[in-house]
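Participant: Numbering (our numbering) for the sequence shown: 1 to 541.
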Amino acid sequence: MAQAATAKKVVIVPIKTMDIVEGIQAILKKKVAAYCRVSTDSEEQKESYTNQVNHYTQYIQNNLEWEMADIYADEGITGTSTKNRTHFNRMIQDARNGKLDLILVKSISRFARNTLDLLKYVRELKSLGVAVFFERENINTLDTTGEVLLTILSSLAQDESRNISENSRWGILRGFQNGKVFCNTNRFLGYDKDEHGELVINEKEAEIVRRIYEEYLDGKSYQAIARGLMRDKIKTVTGGDTWWDSSITLILTNEKYYGALLQQKTVTVDFLTHKRIRNKGQEQQYLIEDNHEPIVSKELFEAVQKEKERRAKLKGSVMGESKRYSSKYALSSKVYCGCCGAIFKRRTWNSNNPSKKVVWQCKTYVNEGKAACDAKSVDEPVLHSAFVRLFNRMYKDKKRLIKTLKANIESVLSSGVEQKSLLDIEGKMQQLKSDLKKLVNLKLRNQIDETVYDEETNRLSSELNELRQQMLRLEEEEDQKEKIKERVDEIIQVLSSRQDILEQFDDNLFNALVEKITILSPAHFVFTLKSGMSIDEIIED
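Shown next, in the form of structure tokens:
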């Protein structure tokens, strides 16, 4: 008789939950990393950031069955978007390259407050076999229930981020209304901050600001002001040699220079992406006057704004479709004294009678007298006639002149920076960055003496900064060469398109060709063309 079948005994082996100490041992002998982040630069948050790094460094090193892969730490960066989180993005790339098995994170909000970002990266890491363990929520992303919990908790984190953003904005607006100001002096020409955070004038830089305002009202264009600053080897606020037209524009429109402060110039349109746009009336603005000591008077600032409006209305065509500013007087800011180097200013003699006469006089002579500079005045019609004669000489010999100008362009471009030089510098910079990274890793593992670490970090940082400056100088040199080429091309185009000699003075033609005129005497002028070429014009009796 057949023996009755013995009932099978089924024992259910429960899933091991991964709690903060015991469960996490389920992943053994793995390459383990941690991700840390704080979202502000306050002292309290910096301490939190340091504590996170120290905690995970010790935590991973104390587990003999783990191998320390790296500590990825972003300081002072928001969690609502991964776009600008350098070390987060490096961590993801390392995971893709097979360098990680497990990532430890304090909480979901440290990883991302954006639900879409969170799920996107968690799913990608999961597909790569990389687990993420969130300590506070006790979630292991390789668990089957992990993603459901993540979706719910991340949505809550995103709502929290929205509330924080709205509360912060409300607090800032209340501050504006109560006169509490926010002013960044980084790259701000003319001002520094004292120990109390108040704006104080940097007198050396303030002189540059005043010069820019005065020259603009004297008739100079943005380009002419910028070229003058570069010609006089005046450094930008960042220590560079190149002044851009846009920099001059910003200085001339910055209300801080007359002691005021306009708040909420830009507004955030998305709390997740933190995208900001210029406030053109979408939100209320707050103008705080008499906020700090002015560099220029309010009257001077307003005069510049009116002049900007006037010039905008006077914009006209020089050649074909190209547009450029036409000064009130073509000679403005282009005539210089050969004796003292000062600018010549336009003056009208006997303006109320038939013997009215327009002349150009040295500013030093006008302000300080003959003892300071004895340069003679020059009649405006004489300068106009001198340019007409100069242009007609150029026109009659334009084939040879164009050939010379083209040769000059080729010479300038051939003396340019070799691509190899730039590549060499880039290579050295990459090596220094790699060395710095190794130092940081040694520091995190407590494998380097503190003094040695500081000395090596300072040395490598100094070398890296010097290479950056070299790179900037080479790039600025190339920019200058390109500008010269553009000016020469414009002169060639003017000469090529001209069909006849000049009968009378032409403002647009003068502006297109001439950089400046140096007055050596009432009968001897030196015209400097925009190509850099200088041509003497002598008036014979």
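Ideal placement from N, C-alpha and C gives every residue a C-beta, glycine not left out.
Predicted model, so just to flag it, every value in this text is computed and none were measured.
1) Within this structure, are the beta carbons of V122 and D101 separated by less than 9 Å?
2) May I ask you to report which of helix, strand or coil DSSP gives Q504?
3) With DSSP collapsed to three states, give me the class of Y35.
4) Considering only their Cβ atoms, is the gap separating Y222 from T249 smaller than 9 Å?
5) Does the separation of the CB atoms of Y59 and L118 fall below 9 Å?
6) Mind checking T78: buried by the 16 CB within 10 Å criterion, or exposed?
7) Based on DSSP bridge pairs, tell me the residues matched to R310.
8) In the DSSP assignment, the beta strand (DSSP E) including Q499 goes from what residue to what residue?
9) Are there 16 or more other CB atoms within 10 angstroms of the CB of W360, so buried, or fewer, so exposed?
10) On the criterion of 16 or more Cβ atoms from any shown chain inside 10 Å, does G427 qualify as buried, or is it exposed?
11) Using 9 Å as the threshold, is the C-beta distance between I519 and G338 below it?
12) For the beta strand (DSSP E) holding D536, just list the boundary residues, first then last.
13) Under 9 Å, do N441 and D74 count as touching if we go by C-beta distance?
14) Cα separation between C340 and A371?
15) Who are L436's beta bridge partners in DSSP?
16) Taking its Cβ as the centre, do 16 or more other Cβ atoms sit within 10 Å of K256, making it buried, or is it exposed?
17) In terms of residues, what are the limits of the beta strand (DSSP E) holding I71?
18) For the alpha helix (DSSP H) containing L189, list its first residue and its last residue.
19) When DSSP labels each residue in this structure, what does V335 get in the three-state scheme?
20) Using 8 Å as the cut-off, can you tell me whether the stretch 345-355 makes contact with the stretch 488-497, which would need three or more C-beta pairs spanning the two stretches below that distance?
21) DSSP beta-bridge partners for N140?
22) What is the DSSP secondary structure of Q447, counted as helix, strand or coil?
23) Comparing the CB of S107 with every heavy atom of the ligand NAD, is any distance shorter than 8 Å?
Facilitator: Looking at the coordinates:
1) Indexing the sequence shown from 1 puts residue 122 at position 122. Indexing the sequence shown from 1 puts residue 101 at position 101. In this structure, D101 does not lie closer than 9 Å to V122 by Cβ.
2) The residue you call residue 504 lines up with position 504 of the sequence shown. Here Q504 sits in coil by DSSP.
3) The sequence position of residue 35 within the sequence shown is 35, counting from 1. In this structure, Y35 counts as strand in the three-state DSSP scheme.
4) By one-based count along the sequence shown, residue 249 stands at place 249. By one-based count along the sequence shown, residue 222 stands at place 222. Yes. Within cutoff.
5) Here residue 59 refers to the residue found at position 59 of the sequence shown. Here residue 118 refers to the residue found at position 118 of the sequence shown. The answer is no: Cβ separation not under 9 Å.
6) In the sequence shown, counting from the first residue as 1, residue 78 sits at position 78. For T78, the predicted structure reports a pLDDT of 49, less than 50, and the residue's modelled location is therefore unreliable. A value from the coordinates is still provided. Result: buried.
7) Residue mapping note: residue 310 aligns to position 310 of the sequence shown, counting from 1. DSSP, once it has assigned bridges, lists no residue as partnering R310.
8) Looking up residue 499 in the sequence shown gives position 499. Looking at the DSSP string, Q499 is not in any beta strand (DSSP E), and its letter there is neither H nor E.
9) Stepping through the sequence shown from its first residue, residue 360 is reached at position 360. Result: buried.
10) As a position in the sequence shown, residue 427 is number 427, starting the count at 1. G427 comes out exposed.
11) The residue given as residue 519 occupies position 519 in the sequence shown. The residue given as residue 338 occupies position 338 in the sequence shown. Going by C-beta atoms, I519 is nearer than 9 Å to G338.
12) For the purposes of this step, residue 536 is identified with residue 536 of the sequence shown, where counting begins at 1. Taken as a continuous stretch (DSSP letters only), the beta strand (DSSP E) holding D536 covers S534 to I538.
13) Residue numbering aside, residue 441 sits at position 441 when the sequence shown is read from its first letter. Residue numbering aside, residue 74 sits at position 74 when the sequence shown is read from its first letter. No, the pair does not count as a contact, with Cβ atoms beyond the cut-off.
14) Numbered from 1 along the sequence shown, position 340 holds the residue referred to as residue 340. Numbered from 1 along the sequence shown, position 371 holds the residue referred to as residue 371. Straight-line Cα distance between these residues: approximately 12 Å.
15) Mapped onto the sequence shown, residue 436 falls at position 436. According to DSSP, which records beta bridges pairwise, L436 is partnered with nothing at all.
16) Within the sequence shown, residue 256 is the residue found at index 256, counting from 1. Buried.
17) In the sequence shown, the residue the question calls residue 71 occupies position 71. Where I71 is concerned, the enclosing beta strand (DSSP E) stretches over W66 to E75.
18) Along the sequence shown, one-based indexing puts residue 189 at 189. Where L189 is concerned, there is no enclosing alpha helix (DSSP H), given that its DSSP letter is neither H nor E.
19) Looking up residue 335 in the sequence shown gives position 335. V335: strand per DSSP, three-state reduction.
20) A contact between stretches requires three or more CB pairs, one per stretch, nearer than 8 Å, and the stretch 345-355 fails this requirement with the stretch 488-497.
21) As a first step, residue 140 must be located in the sequence shown, where it is residue number 140. F133, per the DSSP bridge assignment.
22) As a first step, residue 447 must be located in the sequence shown, where it is residue number 447. Looking at Q447 - three-state DSSP - the assignment turns out to be coil, as it is neither helix nor strand.
23) The ligand NAD is not among the ligands present in this structure, which contains no ligands whatsoever.
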